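Each protein sequence line maps, in turn, to chains A and B.
The numbering of the first sequence is my numbering, which starts it at -14 and goes up by one.
The numbering of the second sequence is my numbering, which starts it at 435 and goes up by one.
The structure under discussion appears below in the form of structure tokens.
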Amino acid sequence: MILFMRPFISKLFFISLSLPITVAASLAYAETCGLGEIKSLEFGLSEVSNETYCFDDEALFFVSESCQKGSCLAEKQATKRLPVSHLDLGGPAGTPQSKLCEELGGTMRIVEFKVKERWVKSDLCRFSDQSFANGDLLMKENREAIQKQKEQLIE
Amino acid sequence: MRAALAGERVGYRVYRLERLRTQCNFTSQQIAATPDQIKHWKKMSARLSNIQMQEAVRKARAKVESQLQFGPATEDAIGDLLDAQLMSGTSVKQALDEADKIYERNRQAFDQAKKSCGKTVSLAKSFGPSRDQDTVGWCFAFASADLMSYKLKKPISAADMAINYFNSRQSPVTRWLSGKKQSEYRGGWEADALKQTAERGFCLESKFNSEDNGNNEMAGALNRAQEIKNSWLKLKTGACTNDLRTVKALFPQLTLADLNHSIVTSTQSSFISKLATEACEPRLKIEVAPKPLIERGPNKSKLFANIDRQLNAGNPLTLAMYSEILIDSDSDGRKDQHAVMAIGRRFNELTGSCEYLIRNSWGSGAFAHDPIYDRDEKGHVWIPREKLNDTVYATVHL
């Protein structure tokens, strides 16, 4: 079972993020899931779409709610392809997050997520089944996968 | 090999337990773990050849010495050295004596580093959240644009700076022959990007977006705009409103007349540049004299003296560096060239390191950076000088 869904695993909450319910997860920090807003620039104009997603207490990591059901492509690709060596994520052509997203077969874009009453700027790696995770979450999971691989090598 | 040493940290445990035993008059029997630990490192050492073990000692000692140049050696580095020594057959007493000497030097190194680091400086207040270069290789342009934005107190377009730079390096004919898309050009030198753009005048970010390019990443937005020019039909019929919507992802203030004018007056390879010309008028004309400094080799004293001098005077700088250590602080990779900014300096009392506040263009979340580095709410990261000393090779300031 992967990895990057872990911080968000618990129950599904079909709620509006304008009235979020925060629950204590078993992994020491809270989580919020539900119908929220994602803002991006569409042809030069700001456009807001409604999607269901989850985020952590500090609003650092975002993942589409569909991944909670355990069958989203974002999760499948991460399970199959992580870890990606850090050496493959450097270089001048783009950010490590965008390269990692590409390695996993997703498409990156810059967005803002509505978290309670504020907009949080982040990015979004979208997969063909419309599931997504933000770049920081993918980077975090990749680091954990690298660490796990190292530990296995030592053993 | 290194992973095994770093992971086990057996020698360090032996060191601590031995010290505990001698300082507190505990016997080995009272510290039950000790014999197990010793058995374990003996087992590890049996797997390695003598040459491998000697090499491990040499490398670990070199790492400690290198860290001591800038401040105290870390417990990890001292632990690695002890591991390597104990595995290579050095007596426990000899290894512990060396560790004691290192800890003594650490105290002096701490005081020295604190003194030489100087006062805390942070220019972070004058900057917004870290930019996100997403899929394009334009780090140099983001760093240069941030430098100009700081000077002019107006957000300057990094994308425009990148396009000016690439145009100055290749003629339209060469670009056409190369068949490269605008988004495929990557890498550049900040001093030249600043000079080239100053000649034309600077473009405001509000006229040419460098990030937030809509339903696609930057490279995609550029490619979609390019497709308008690639359609020969447009030359005859002119652009439609949908085409205008597409280019507005890059140039929010462009009009349909500007777009049509660009279509008929540009070649395929100069189309994006032509759009930038239309969109950025009137440009901000200001004389700038970027001052570059390049220094390679093990000791970057001139480079860091310059960084300190500029920061003390309230001037941020761009840094040309190898980016591997930003992602992984342990990496010794020196392949990926990158550009960032130095916008602050502080002495970290916990680690004994002088640290620089680095503004990167990897987004404001900053999780692309090794989490070992402290970060601020804007995505800036504090990188110890010893890490930068190995990887930074040039600076530019205004």
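Backbone N, C-alpha and C fix where the C-beta goes; we use that ideal spot for every residue, glycine too.
No experiment lies behind these values; they were computed from the predicted model shown.
Opposing strand residues paired with residue i [DSSP bridges]
| i | result |
| --- | --- |
| residue 96 (chain A) | A:107 |
| residue 23 (chain A) | A:34 and A:98 |
| residue 118 (chain A) | A:48 and A:110 |
| residue 742 (chain B) | Note: residue 742 (chain B) sits in no beta bridge, so no partner. |
Beta-carbon proximity of residue i to residue j, cut-off 9 Å
| i | j | result |
| --- | --- | --- |
| residue 21 (chain A) | residue 36 (chain A) | yes |
| residue 564 (chain B) | residue 767 (chain B) | no |
| residue 816 (chain B) | residue 789 (chain B) | yes |
| residue 81 (chain A) | residue 133 (chain A) | no |
| residue 821 (chain B) | residue 759 (chain B) | yes |
| residue 122 (chain A) | residue 761 (chain B) | no |
| residue 642 (chain B) | residue 714 (chain B) | yes |
| residue 547 (chain B) | residue 786 (chain B) | yes |
| residue 720 (chain B) | residue 592 (chain B) | no |
| residue 722 (chain B) | residue 587 (chain B) | no |
| residue 823 (chain B) | residue 733 (chain B) | yes |
| residue 765 (chain B) | residue 806 (chain B) | no |
| residue 612 (chain B) | residue 604 (chain B) | yes |
| residue 828 (chain B) | residue 737 (chain B) | yes |
| residue 684 (chain B) | residue 638 (chain B) | no |
Cβ-based neighbour list, residue i, same chain, cut-off 7 Å, excluding 5 preceding and 5 following
| i | result |
| --- | --- |
| residue 750 (chain B) | 557, 581, 584, 775, 776 and 777 |
| residue -14 (chain A) | The predicted position of residue -14 (chain A) is uncertain, since its pLDDT is 35 and thus under 50; a value taken from the coordinates is nonetheless stated next. Nothing listed; no residue qualifies. |
| residue 108 (chain A) | 82, 93, 94, 95, 96, 119 and 120 |
| residue 680 (chain B) | 658, 659 and 662 |
| residue 601 (chain B) | 707 |
| residue 459 (chain B) | Residue placement at residue 459 (chain B) is flagged as unreliable, the pLDDT there being 49, under the threshold of 50; the coordinate-derived value follows with that caveat. Nothing listed; no residue qualifies. |
| residue 496 (chain B) | none |
Cβ neighbours of residue i in the same chain (closer than 6 Å, five flanking residues each side left out)
| i | result |
| --- | --- |
| residue 115 (chain A) | none |
| residue 711 (chain B) | none |
| residue 652 (chain B) | 568, 569 and 570 |
| residue 131 (chain A) | 68 |
| residue 112 (chain A) | 58, 59 and 91 |
| residue 599 (chain B) | 622, 627 and 630 |
Spatially closest choice to residue i from the options, by CA coordinates
| i | options | result |
| --- | --- | --- |
| residue 830 (chain B) | B:791, B:731, B:740 and B:763 | B:740 |
| residue 674 (chain B) | B:657, B:660, B:656 and B:693 | B:693 |
| residue 555 (chain B) | B:747, B:655 and B:722 | B:747 |
| residue 731 (chain B) | B:825, B:754 and B:659 | B:825 |
| residue 755 (chain B) | B:636, B:493 and B:771 | B:771 |
| residue 621 (chain B) | B:576, B:662, B:629 and B:529 | B:576 |
| residue 110 (chain A) | A:104, A:85, A:103 and A:130 | A:85 |
| residue 578 (chain B) | B:753, B:803, B:696 and B:504 | B:753 |
| residue 635 (chain B) | B:828, B:590 and B:544 | B:590 |
| residue 33 (chain A) | A:42, A:112 and A:98 | A:98 |
| residue 128 (chain A) | B:560, B:818 and B:803 | B:803 |
| residue 791 (chain B) | B:819, B:769, B:528 and B:764 | B:819 |
| residue 88 (chain A) | A:39, A:104, A:71 and A:100 | A:71 |
| residue 799 (chain B) | A:48, A:31, A:101 and A:44 | A:44 |
| residue 718 (chain B) | B:781, B:696 and B:595 | B:595 |
Contacts around residue i, its chain only, beta-carbon distance under 8 Å, and the 5 residues preceding and following it disregarded
| i | result |
| --- | --- |
| residue 540 (chain B) | 502, 506, 507 and 786 |
| residue 491 (chain B) | 515, 518, 519, 522 and 524 |
| residue 742 (chain B) | 552 and 779 |
| residue 78 (chain A) | 84 |
Below 9 Å between beta carbons is the criterion; list the residues of the segment 68 to 82 of chain A that meet it against any residue of chain B, in chain order. 71, 72, 74, 75, 76, 77, 78, 79, 80, 81 and 82
Along the segment 775 to 799 of chain B, what residues have a CB closer than 7 Å to any CB found in chain A? 796, 797, 798 and 799
Note down, in chain order, all residues in the segment 42 to 54 of chain A with a beta-carbon under 7 Å from any beta-carbon belonging to chain B. 45
Using Cβ-Cβ distances below 7 Å, what residues of the segment 563 to 577 of chain B are close to chain A? 563, 566, 567, 568, 569, 570, 571 and 573
Going along the chain, which residues of the segment 619 to 640 of chain B sit with their C-beta nearer than 7 Å to a C-beta in chain A? 620 and 621
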